[in-house]
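Notes to accompany the following structure.
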Amino acid sequence: MIEVSGLSLSFGEAKVLQDINFLLETGSNLIILGRSGSGKTVLIKTLMGMNIPESGKVIIDGIDIFTRPIHQHNFAMVFQNAALLDSFTVFQNVALPLYERGEKDFDAVFNKVKSSLEIVGLPDVLDKYPAELSGGMRKRVGIARALVYDPDYIIFDEPLSGLDPITAKEVLYYITMIIESSRATTITITHEIRNLKVIGDRVLFLESGRQLFFGGIDELIQNNDELLRQFMNS
869 MIEVSGLSLS FGEAKVLQDI NFLLETGSNL IILGRSGSGK TVLIKTLMGM
919 NIPESGKVII DGIDIFTRPI HQHNFAMVFQ NAALLDSFTV FQNVALPLYE
969 RGEKDFDAVF NKVKSSLEIV GLPDVLDKYP AELSGGMRKR VGIARALVYD
1019 PDYIIFDEPL SGLDPITAKE VLYYITMIIE SSRATTITIT HEIRNLKVIG
1069 DRVLFLESGR QLFFGGIDEL IQNNDELLRQ FMNS
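Taken in order, the sequence shown gives residues 869 to 1102; the numbers are from our numbering.
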């Protein structure tokens, strides 16, 4: 469970987050919406302990993340461009988080990597390099890397960005599989509003660092705020 209360953050004179408050129950899946520059990425980095707020708290599973190391909260992130290392094979890319966490048993690493790649439908690409894969396959390898150490929370950063409709549908299929299996609580940053109900059940909408809305998807659709209606109808 993630509890955010009174969260505010400034970079110099610029206020980038202002009084953010929400509660994400374990098993719920959050979608973060907002225009470019609204503070979505800054908020995610703050949840992961990468930014120290000037006020407010982030409590994850009962622990104040600014008093204890963030790695204890078991976050994984799937980056917009997959962020694979070109000189590493798929196996090496997916295995990297395990080695970073001190796993030394090669057989254990191999089995976890193989299992994660099977989840995203790519069991036979272990020895390939990222340059040999399509954009959709690279994105799915990025998802496998996030899954490999069974995180409690997975953050998807614009998971369908830059993909053609067919490939986007494939990637969305594997994301929904993860959500439906309750493997992790997910947080998805997206501009894609057509598939909201399959990637989450709670929505946080940010505008200029402020929380304009937090609630269910049906509540968002029915909301009369002019900016929300314009965004949802665009």
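Beta carbons are placed, not taken as given, at the ideal position from N, Cα and C, and that holds for glycine.
Taking one beta carbon from each stretch, the segment 1048 to 1055 and the segment 1018 to 1026 have 3 or more pairs nearer than 8 Å; the two touch. Closest option to Ala999, judged by alpha-carbon separation, among Leu952, Phe890, Phe934, Leu1031: Leu952.
Approximately 5 Å separates the beta-carbon atoms of Val1066 and Thr1044; this is inside 8 Å, confirming the contact. Under the three-state reduction of DSSP, Ser1049 is assigned to coil, being neither helix nor strand. For Tyr997 and Ile920, the gap between their C-alpha atoms comes out near 37 Å.
The Cβ neighbour count for Gln1090, taken over all protein chains shown within 10 Å, is under 16; the residue is labelled exposed.
Burial check for Arg1013: the Cβ neighbour count within 10 Å reaches 16 or more, so the residue is buried. With contact defined as three or more Cβ pairs closer than 8 Å, the segment 921 to 929 and the segment 973 to 986 are not in contact. Measuring C-alpha to C-alpha distances from Arg903 to each of Leu877, Ser983, Glu1060, Gly880 identifies Glu1060 as the nearest. A distance below 8 Å between beta-carbons, with the five flanking residues on each side excluded, links Thr957 to the following residues of its chain, in chain order: Leu994, Asp995, Lys996, Tyr997. The criterion of a C-beta distance shorter than 8 Å is not satisfied by Glu1026 and Gly1004. The alpha-carbon of Phe934 is positioned some 10 Å away from that of Met918.
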